[in-house]
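Read the structure below first, then the notes.
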Amino acid sequence: MHDLRDTAAHAMRKELRVRGPVIEDILCHTPTRLERTYQGERRSSLAEMAETLVEWSATLDTRSGSPVTPAVSGAVRDSLV
38 MHDLRDTAAH AMRKELRVRG PVIEDILCHT PTRLERTYQG ERRSSLAEMA
88 ETLVEWSATL DTRSGSPVTP AVSGAVRDSL V
């Protein structure tokens, strides 16, 4: 399982140019105590994470040649903004 998470994180960072904190939140990595003190528990917005997952889904679609259902629908994504 760790290899899949590592592969996804690497591709999001290098191919999709996603900010590191967004990837950390998607992977549920716990922020350091200093980060929690000044930034709270989450370092990125739910909308940012949802957008990243939709982009990652589209990337997987192009790689596999078959559609992957998006993790977040447009209506849900819009409500997160």
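Residue numbering for the sequence shown is 38 to 118, as defined by this note's numbering.
Even for Gly, the Cβ is constructed at its ideal location relative to N, Cα and C.
Item                                                                                : Value
Integer Cβ distance of ALA96 from ALA48, believed to fall under 8 Å                 : Inspection of the sequence shows that residue 96 is occupied by Thr rather than by Ala. Confirmed, about 7 Å.
Exposed unless 16 or more other CB atoms sit within 10 angstroms - verdict on GLU52 : exposed
ARG50 (DSSP reduced to helix, strand or coil)                                       : helix
Residue closest to ALA84, alpha-carbon to alpha-carbon, out of ASP40, ASP62, ARG50  : ASP62
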